[in-house]
Amino acid sequence: MVSVNDELRAELMQRAARDQAARKALSPGQEMRQWQETVEPVDRANTARMREVVSEHGWPGHQLVGEAGAHAAWLLVQHAPPDFQEEYLPLLEDAVARGDASPKDLAYLTDRVLMHRGKPQLYGTQYQVRDGVPTLWAVQDPGGLDARRAALGLEPEAQNRARLLPDSAPDDAEPGDGPSPEPLGTRDTRETRGASILDDLRTNMSREEITRYLAEFGALVGADASSQKLARATGGQVDLAVEAHRIAAIGWLRSWGCRHLRRADTPRTSEALRTWWEDWGAQLPGGHETLTGLGEAGLVLAGRAYAALRAAPAARRSVKGRDLDVAFGDTATAKLLFAIRPQIFPPWDEAIRLAFGRPGGADAYVRMLRLSAAALDGLAERLAVGVSDLPQVLGRPASSPPKLVDEFLLIRITRER
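FYI, the numbering for the sequence shown is 0 to 416, going by numbering that gives the first Met the number 0.
Here's what the structure looks like:
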């Protein structure tokens, strides 16, 4: 019998309290900036600490940290990045199976992982806010939802949704009272902010304003030596059927921030790319096509290819002697698609996903492509130039039109934090 580690229990509960305090501090109309200044640093610190805790102890369950401490640990993982959630979900499943963690917590993390994958959830714990009203994320077998919830001790979904309404949440709720989602309104506001930035690009901003923003981006990031290196290694056209191209692309992804693709995992990552390319390479839009000319059928096909690569196992992690797969995920998948077809696919960093209030997944990615295409078409029409001429006209001749959208979004999001 493992004795309760009171010191670790207290630390986890304190971290959970900071998590909730940061989210409650968000002010209407300023959620995006405050989220990045207040919430994200707390989440990063908590995620790093949870990795240390699990590496040392395994999943911190009831025996190690008590019920309140275990619930706090779940909360920290629930608010960690999607790849972290997916990596640690099997450990929580094992803990629940042996009676060492809460089935309710498992329901929430399971649904969160499914939502990040773009798949229907099982237990109806995840919502999006639309026009101020909680809207349930898609559910598998809706008719059996409340029965599945009851089996894990969860209240009926309609009752839970009513509890989530802004005027029904108790002011003095504590993290230990029960599973709690992200504050209502956060995603809706961030989605509105991202869409409004692209709407500005499409309909309002002058050529001079846009050029200034893009020049600021260029001054901030400097020369992209890693992309130049990739171009030299691939002759300017990435072909994932070629091993040398795969290795070069993996190195480029690491240099672009995809650090979960560790060097030790390169053979596994390369093989996953080869397999994906065999299935999808011939179905992707050709190198002569563009984002604005893709059409609905091309967008749907791109979404399917994206979903397949996003879920593919790119690396491995060993946690307490157990090997776990680590998927490519949203950021690496979008960046790789950009490397393969830079005239069609923009990169898709986490900051941009947050600005649109989307957790990731193929549906959200395709929506982003549609909005980007509309912004490019509208801007080109206003400036009386072709879409392909926009990089030259706006002072970024080395960028593709989709990359211009990425640069504009990133600098606007960064400036308005």
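Note that the Cβ used here is the ideal one computed from N, Cα and C, for glycine as well.
Item                                                                                                             : Value
Collapsed DSSP secondary structure at V392 in the structure displayed                                            : helix
Classification of P401 by the beta-carbon crowding that lies within 10 angstroms, buried from 16 upward          : buried
Alpha helix (DSSP H) runs wholly inside the region 309-378, at least 4 long, in chain order                      : 328-339, 349-354
Distance between beta carbons of P119 and Q139, contact taken as under 8 Å                                       : 4 Å
Expected contact under 8 Å - CB spacing of L7 and V52 to nearest Å                                               : 7 Å
Reduced DSSP secondary structure (H/G/I, E/B, other) of Q127                                                     : strand
Closest by C-alpha distance to R17, when choosing among Q33, V41, A224, A9                                       : V41
Close beta carbons around A331, own chain, < 8 Å, minus the five adjacent residues each side                     : L252, C257, H259, L260, A313
CA-to-CA distance, E215 to E36, given in whole angstroms                                                         : 21 Å
Inter-residue Cα distance where the pair is T185 and A361                                                        : Its pLDDT being 36, under 50, T185 is placed unreliably in this model, and the value from its coordinates should be taken loosely. Using only the alpha carbons, I get a separation of about 21 Å.
Beta-carbon gap between D348 and R315 smaller than 8 Å                                                           : no
Residue-chain proximity (W279, chain C), Cβ-Cβ < 8 Å                                                             : Considering every chain present, this structure includes no chain C. It has just one protein chain.
Beta-bridge partners of V138, as assigned by DSSP                                                                : Q120
Per-residue DSSP class, three states only, for V384                                                              : coil
Short Cβ contact (8 Å threshold) for D99 with G142                                                               : no
Given A372 as reference, the closest of S226, S398, V404, T291 once Cα atoms are compared                        : T291
Host alpha helix (DSSP H) of M12 (start-end)                                                                     : 5-23
R231 versus A243 - alpha carbon distance                                                                         : 12 Å
Where A224 falls, given that 16 or more other Cβ within 10 Å makes a residue buried                              : exposed
Cβ-based neighbour list, D93, same chain, cut-off 8 Å, excluding 5 preceding and 5 following                     : W58
Selection from A47, R43, A69 that minimises the alpha carbon distance to A9                                      : A69
Q84 - DSSP class collapsed to helix/strand/coil                                                                  : helix
Q125 beta carbon near the ligand ATP (any heavy atom closer than 7 Å)                                            : Summarising the ligand content, the structure contains no ligands, and the ligand ATP is consequently not present.
Distance between beta carbons of F337 and P346, contact taken as under 8 Å                                       : 5 Å
Beta carbon of A310 nearer than 8 Å to that of A326                                                              : yes
Nonlocal neighbours in the same chain, by C-beta distance under 6 Å from A72, ignoring five residues either side : L11, P59
Close Cβ partners of V365 (< 6 Å) along its chain, the five nearest in sequence each way excluded                : L298, G302
Straight-line Cα distance separating P133 from A161                                                              : 9 Å
D238 to G117 span [Cα, whole Å]                                                                                  : 27 Å
Rounded straight-line distance, which links the Cα of W34 to that of D82                                         : 20 Å
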